[in-house]
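> Structure provided below as structure tokens; questions to follow.
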Amino acid sequence: MSGRCLGLSVMLSFALAMVPKITVAADACQHLTATGNPEYPPYLWRDPQDPERLIGANADLLKQVAKELGLVVDVVYVGPWSRAQEEVSSGRVDMLAGYFRTQARERLVDFVSPPFLFNSSVVWVRKGEGFVYSDWSDLKGRRGGTLVNNSHGQAFDDYARAQLNLEAVPSVTQAFQKLLLKRSDYVIFEHYPGLALARTLGKEQALEVLEPPISSEGLYLALSHKSGCNKPALREQLARKMKALVAGPLPEQLVVENLQRWQRQQAGQ
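For the sequence shown, position 251 (counting from the first letter as 1) is numbered 250 according to numbering that gives the first Met the number 0, and the numbering increases by one without interruption.
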């Protein structure tokens, strides 16, 4: 065999050897993992029938997007909200199904625009023990509670760091318990998830919300910078499908359906 033929043979063998690896990599990215806040009904919560799985409006919408792209996404429980964010930032989980957008978070994940839902963050207090509240400045000098690594929008986050006394805890349940024990004066958390969890704890009549909301922020799908599947083509496909879906009624329909689903589950306990 001539040197030229030998060289071509070696190159062909190398190319053929690489094909299975490329195929395996492509196949791996047909099956992705996602996670999120497990205390976030009707958007996300642990499936009572399979506690290692998260269900809710966010999960349903993500699965619909994935189905239309020929992908499979498992929405899994990995721990409390702070742990879920760590798992995604490390790349051990590919994406977050519902994330408020901030500058700090943009260093760790790519946000898929547009947001698929908007959610209001509110001030929770003990019923009958509220205080005069019309804007953020009325929270000064009071002990507040929030979640570890939670965000309520860039503007409020910046203000809170500079002006407010907020103690972060791992779970909403813990934050509400501290509030009811008078170890804090208020809790910052989203409206509908907070209401659902208050009902679950049997504390709906012990808590109330002050108006107006502190913020209304978009919930985004967010892909980890360290995910091996985070490629421009995937981000573009996700964004295109998301744009088409949010132009219709599906996101809000899923919220209503999952609120009813959550309530049925609680009634059956």
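Just so you know, even glycine gets a beta-carbon here, dropped at the ideal spot from N, CA and C.
Can you tell me which of V171, V245, T34, Q264 puts its alpha carbon nearest to the alpha carbon of S89?
Position 90 of the sequence shown holds residue 89. Among V171, V245, T34, Q264, the Cα nearest to that of S89 is on T34.
> Might you give, ordered along the chain, the residues of its own chain that have their beta carbon closer than 8 Å to the beta carbon of T22, omitting 5 neighbours on each side?
Looking up residue 22 in the sequence shown gives position 23. Annotation note: pLDDT 35 at T22 (below 50); position unreliable, coordinate value reported separately. Cβ neighbours of T22 beyond the five flanking positions: none.
> For R234, which residues from the same chain have a beta carbon less than 7 Å from its beta carbon, with the 5 sequence-adjacent residues on both sides left out?
Working through the sequence shown from its first residue, we reach residue 234 at position 235. Around R234: D109, V111, L222.
> Compare the beta carbon distance of F175 and L200 with 9 Å and say whether it is the shorter of the two.
One-based indexing of the sequence shown puts residue 175 at position 176. One-based indexing of the sequence shown puts residue 200 at position 201. Against a cut-off of 9 Å, the Cβ pair of L200 and F175 comes out as a contact.
> What's the call for G140, buried or exposed, on a 16-neighbour Cβ count within 10 Å?
The count along the sequence shown starts at 1 and reaches residue 140 at position 141. It counts as exposed.
> Can you tell me which of the three DSSP states R106 falls into?
Mapped onto the sequence shown, residue 106 falls at position 107. Of the three classes helix, strand and coil, the one that applies to R106 here is coil, per DSSP.
> In the structure shown, what three-state DSSP assignment does V271 receive?
In the structure as shown, the chain starts at 0 and stops at 268, and residue 271 therefore has no counterpart that could be examined.
> Return the chain-ordered list of same chain residues with a C-beta closer than 7 Å to the C-beta of A58, the five sequence neighbours on each side being excluded.
If you number the sequence shown from 1, residue 58 lands on position 59. Closer than 7 Å at Cβ, skipping near neighbours: L43, V74, A96.
> Where does the unbroken alpha helix (DSSP H) through R260 begin, and where does it stop?
Counted from its first residue, the sequence shown places residue 260 at position 261. Segment 249-266, the alpha helix (DSSP H) holding R260.
> Which of the three DSSP states, helix, strand or coil, is assigned to T101?
Here residue 101 refers to the residue found at position 102 of the sequence shown. T101: coil per DSSP, three-state reduction.
> Cβ of G217 within 9 Å of Cβ of F117?
As a working mapping, residue 217 is identified with position 218 in the sequence shown. As a working mapping, residue 117 is identified with position 118 in the sequence shown. Yes, these two residues count as a Cβ contact at 9 Å.
> Check the DSSP bridge columns for E207 and list the partner residues they point to.
In the sequence shown, counting from the first residue as 1, residue 207 sits at position 208. DSSP lists V124 as partners of E207.
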